[in-house]
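Engineer: Just so you know, we're using UniProt numbering here: the sequence shown kicks off at 1 and counts up by one. Idealized CB from N, CA, C, for every residue including glycine.
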Amino acid sequence: MSAHPQQPAHIIRSDAEAIEVAIRLAARFAVDASVRDRERRLPVAELEEFSASGLWGITIPKAYGGAEVSYVTVAEVIKVISAADPSLGQIPQNHLGVVDILLQTASEEQKRHYFGKVLAGYRFGNAFSEAKSKNAGTFDTQIRFDGDTAQINGEKFYCTGALFAHLVPTVGNNENGQAFIAFVERDAPGLTVVDSWDGFGQRTTASGGVTLDGVVVPRSAVIPAHQAFDQPTANGPISQIIQAAVDTGIAVGALEQAKTYARQARPWIDSQQEHGWQDPFTIAAIGDLEWRVHGTEAILANAGKAVDLALAEPNEDTVANASLVVAQAKVLSAETALLASSKLFELAGTRSVTGKHNLDRFWRNARTHTLHDPARWKYHLIGNFVLNGVKPARHAWN
Numbered sequence: 001m002s003a004h005p006q007q008p009a010h011i012i013r014s015d016a017e018a019i020e021v022a023i024r025l026a027a028r029f030a031v032d033a034s035v036r037d038r039e040r041r042l043p044v045a046e047l048e049e050f051s052a053s054g055l056w057g058i059t060i061p062k063a064y065g066g067a068e069v070s071y072v073t074v075a076e077v078i079k080v081i082s083a084a085d086p087s088l089g090q091i092p093q094n095h096l097g098v099v100d101i102l103l104q105t106a107s108e109e110q111k112r113h114y115f116g117k118v119l120a121g122y123r124f125g126n127a128f129s130e131a132k133s134k135n136a137g138t139f140d141t142q143i144r145f146d147g148d149t150a151q152i153n154g155e156k157f158y159c160t161g162a163l164f165a166h167l168v169p170t171v172g173n174n175e176n177g178q179a180f181i182a183f184v185e186r187d188a189p190g191l192t193v194v195d196s197w198d199g200f201g202q203r204t205t206a207s208g209g210v211t212l213d214g215v216v217v218p219r220s221a222v223i224p225a226h227q228a229f230d231q232p233t234a235n236g237p238i239s240q241i242i243q244a245a246v247d248t249g250i251a252v253g254a255l256e257q258a259k260t261y262a263r264q265a266r267p268w269i270d271s272q273q274e275h276g277w278q279d280p281f282t283i284a285a286i287g288d289l290e291w292r293v294h295g296t297e298a299i300l301a302n303a304g305k306a307v308d309l310a311l312a313e314p315n316e317d318t319v320a321n322a323s324l325v326v327a328q329a330k331v332l333s334a335e336t337a338l339l340a341s342s343k344l345f346e347l348a349g350t351r352s353v354t355g356k357h358n359l360d361r362f363w364r365n366a367r368t369h370t371l372h373d374p375a376r377w378k379y380h381l382i383g384n385f386v387l388n389g390v391k392p393a394r395h396a397w398n
């Protein structure tokens, strides 16, 4: 992958334009989504079109030349793309999160530099998580400063988007255990991105590994990520609402497939109907899925409004409320995606399990992606807040 975009990106100017562009792209991405999944064909061309469309720059503040769309719109965009291909919907998640961390912790010069790159079509990957560290929030990767440079050594995994990125934001700790993010160019000496992701779902996210062996970056390419949560910030809810939007998109896509196949299914022998779509139990099951999916979309939109308020008025209460509502969207979207992708087979019938239809991709994608940030802790977050008034801890997973 080149360290530079193949073409300049279009700059989107409004929320309405962002949604219009997403709908247009999703229609094209959906055409070969099943083939890409079946063959694990990485979406290189699709990602070029995706980032060149300007959708990766829609959260850049207006003061820096971006559209600064609402997070209601961001969630809608990710949902629409994910309904077509959830791997493509997931890949920008860390990119969008990094844009907000830059806004919170970078110098003015760094903001102008990196926001300009995003608007030009540069994609951020990520080298954050580590498979061998104590937990998701601890890092063994080391960053050491020496004058005007910093050196990074470590090993990462779950690096969604790094394979396709122009810049790979990498988290490492200094000698005092403080976390920094270094923006590493994709072709930097010592940076190795390994296409080792072999999960049964989200197969084309290339969420494999990254190793950093003596990677050197300028000091100006490093930001103090540890400061992001010193004050109330919407960064956690921003990260999480994108995950919820991906799951909601999977549910939407599965429901549409269920309707398509239900219209083609034969009637059951006892139904005394001419067509499968006349079966009263099929009708009821589709109706049940329909309201659940639309309810999930509604709470996702509410979560976007809560994030927007937390960004406009960042304080303990607005940020806690954003975490709460986003957690609600996260658990409901996960449940709905799993239900819809399972019910799809029941409504489509036995023929739906044949390999040529590849309908199991909806369940595989839902089961894989909903494992991000365990839902059981979201239930705890919600209950502890509404019952005991305990505000969620501030970090990227809340």
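#1: Which runs of the alpha helix (DSSP H) fall wholly inside the UniProt domain "Acyl-CoA dehydrogenase C-terminal" (241–373) and span at least 4 residues, in chain order?
#2: So which of G295, G389, V194, I181 has the shortest CA-CA distance to P218?
#3: Among V21, Q151, A162, which residue has its Cα nearest to the Cα of R123?
#4: What separation, rounded to the nearest whole angstrom, lies between the Cα atoms of T233 and N398?
#5: So, using beta-carbon positions, are V262 and I286 closer together than 8 Å?
#6: Which residues bound the beta strand (DSSP E) around N176?
#7: Looking at the unbroken beta strand (DSSP E) that takes in K156, where does it start and where does it end?
#8: Quick one: what's V194 bridged to in DSSP?
#9: Give me the Cβ distance between A396 and S239, rounded to the nearest whole Å; I'm assuming they're in contact under 8 Å.
#10: Looking only at C-alpha atoms, which of T260, P5, Q278 sits nearest to F164?
#11: Mind checking whether P280 and A120 have CB atoms under 8 Å apart?
#12: Is the beta carbon of A22 closer than 8 Å to that of D85?
#13: Out of curiosity, what's the CA-to-CA distance linking A306 and V326?
#14: Look at the alpha carbon of G355 and the alpha carbon of S34, and state the distance between them as a whole number of angstroms.
#15: What is the rounded straight-line gap between the Cα of I101 and the Cα of L387?
#16: DSSP state of L103, grouped into three classes?
#17: Among all the DSSP beta bridges, which residues are the ones paired with R376?
#18: Can you have a look at V44 and say buried or exposed, based on whether 16 or more other CB atoms are within 10 angstroms of its CB?
#19: Among L88, L47, R13, which residue has its Cα nearest to the Cα of K62?
#20: Could you tell me which of E108, A136, V72, G304 sits nearest to P374, measuring between CA atoms?
#21: Starting from Q142, trace the beta strand (DSSP E) in both directions and tell me its first and last residue.
#22: Out of R40, R28, L55, R41, point me to the one whose CA is closest to E17's CA.
#23: Can you find at least 3 beta carbon pairs, one from the segment 288–301 and one from the segment 208–216, that sit closer than 8 Å?
#24: Within the continuous alpha helix (DSSP H) that includes Q110, where are the two ends?
#25: Out of S87, V98, F183, A245, state which residue places its alpha-carbon closest to the alpha-carbon of G57.
#26: Is the segment 253–262 touching the segment 322–340, taking contact as three or more C-beta pairs under 8 Å?
#27: Give me the DSSP bridge partner(s) of L167.
#28: Quick one: grab the DSSP three-state call for G389.
#29: Please classify T248 as buried or exposed, where buried requires at least 16 neighbouring CB atoms within 10 angstroms.
#30: Run through DSSP, which three-state label would G214 get?
#31: I'd like the span of the alpha helix (DSSP H) that includes Y71, first residue to last.
#32: What are the start and end residues of the alpha helix (DSSP H) that includes S51?
#33: What does DSSP give as the partner residue(s) for I223 in the beta ladder?
#34: Considering only the beta carbon of each residue, do F50 and L88 sit closer than 8 Å?
Structural biologist: Taking the structure as given:
#1: Complete alpha helix (DSSP H) runs here, min 4: 280–312, 316–348, 360–369.
#2: One-based indexing of the sequence shown puts residue 218 at position 218. If you compare the alpha carbons of G295, G389, V194, I181 with that of P218, the shortest gap goes to I181.
#3: In the sequence shown, counting from the first residue as 1, residue 123 sits at position 123. That would be A162, whose Cα lies nearest to the Cα of R123.
#4: The residue labelled residue 233 in the question sits at position 233 within the sequence shown. The residue labelled residue 398 in the question sits at position 398 within the sequence shown. Approximately 11 Å between the Cα atoms of the pair.
#5: Taking the sequence shown and counting its residues from 1, one reaches residue 262 at position 262. Taking the sequence shown and counting its residues from 1, one reaches residue 286 at position 286. The question names Val, but residue 262 is Ala in the sequence shown. Yes, the pair counts as a contact, with Cβ atoms nearer than the cut-off.
#6: Walking along the sequence shown from the start, residue 176 turns up at place 176. Neither: N176 is in no beta strand (DSSP E) and is coded neither H nor E.
#7: The count along the sequence shown starts at 1 and reaches residue 156 at position 156. Segment 149–156, the beta strand (DSSP E) holding K156.
#8: As a position in the sequence shown, residue 194 is number 194, starting the count at 1. Checking the DSSP bridge columns, you'll see V194 partnered with G209.
#9: Position 396 of the sequence shown, counted from the start, is the residue given in the question as residue 396. Position 239 of the sequence shown, counted from the start, is the residue given in the question as residue 239. 5 Å between Cβ atoms; contact.
#10: Counting from one through the sequence shown, the residue named residue 164 turns up at place 164. Checked all of T260, P5, Q278; the closest Cα to F164 is P5.
#11: Along the sequence shown, read from residue 1 onward, the residue named residue 280 stands at position 280. Along the sequence shown, read from residue 1 onward, the residue named residue 120 stands at position 120. Not in contact: P280 and A120 (Cβ atoms no closer than 8 Å).
#12: Residue 85 sits at position 85 when you count from the first residue of the sequence shown. Residue 22 sits at position 22 when you count from the first residue of the sequence shown. No, these two residues do not count as a Cβ contact at 8 Å.
#13: Counting from 1 along the sequence shown, the entry for residue 306 is found at position 306. Counting from 1 along the sequence shown, the entry for residue 326 is found at position 326. Cα to Cα, the separation comes out at about 8 Å.
#14: Within the sequence shown, residue 355 is the residue found at index 355, counting from 1. Within the sequence shown, residue 34 is the residue found at index 34, counting from 1. Approximately 11 Å between the Cα atoms of the pair.
#15: Counting from 1 along the sequence shown, the entry for residue 101 is found at position 101. Counting from 1 along the sequence shown, the entry for residue 387 is found at position 387. In a straight line, the C-alpha of I101 is about 31 Å away from that of L387.
#16: In the sequence shown, counting from the first residue as 1, residue 103 sits at position 103. L103: helix per DSSP, three-state reduction.
#17: The residue labelled residue 376 in the question sits at position 376 within the sequence shown. DSSP lists no partner for R376.
#18: Working through the sequence shown from its first residue, we reach residue 44 at position 44. Classification for V44: exposed.
#19: Position 62 of the sequence shown, counted from the first residue, corresponds to residue 62. Checking every option, the nearest Cα to that of K62 belongs to R13.
#20: Taking the first residue of the sequence shown as 1, we reach residue 374 at position 374. For P374, the nearest C-alpha among the options comes from A136.
#21: Taking the first residue of the sequence shown as 1, we reach residue 142 at position 142. For Q142, the uninterrupted beta strand (DSSP E) segment begins and ends at 142–146.
#22: Counting from one through the sequence shown, the residue named residue 17 turns up at place 17. The shortest C-alpha separation from E17 is found at L55.
#23: No contact exists between the segment 288–301 and the segment 208–216.
#24: Numbered from 1 along the sequence shown, position 110 holds the residue referred to as residue 110. First-last of the alpha helix (DSSP H) with Q110: 108–120.
#25: The residue given as residue 57 occupies position 57 in the sequence shown. Nearest of S87, V98, F183, A245 to G57, Cα basis: V98.
#26: Flag = yes, the segment 253–262 and the segment 322–340 touch.
#27: In the sequence shown, the residue the question calls residue 167 occupies position 167. F124, E185, per the DSSP bridge assignment.
#28: On the sequence shown, position 389 is the one that residue 389 refers to. Coil at G389, not helix or strand.
#29: Taking the sequence shown and counting its residues from 1, one reaches residue 248 at position 248. Buried is the call here.
#30: As a working note, residue 214 is residue 214 in the sequence shown. Looking at G214 - three-state DSSP - the assignment turns out to be strand.
#31: Here the question's residue 71 lines up with position 71 in the sequence shown. For Y71, the enclosing alpha helix (DSSP H) begins and ends at 71–84.
#32: Sequence index remark: in the sequence shown, residue 51 carries index 51 (1-based). Counted as a single uninterrupted DSSP element, the alpha helix (DSSP H) harbouring S51 occupies residues 44–52.
#33: Within the sequence shown, numbered from 1, the residue matching residue 223 stands at position 223. Looking at the DSSP output, I223 bridges to I181.
#34: Translated into positions along the sequence shown, residue 50 becomes position 50. Translated into positions along the sequence shown, residue 88 becomes position 88. In this structure, L88 lies closer than 8 Å to F50 by Cβ.
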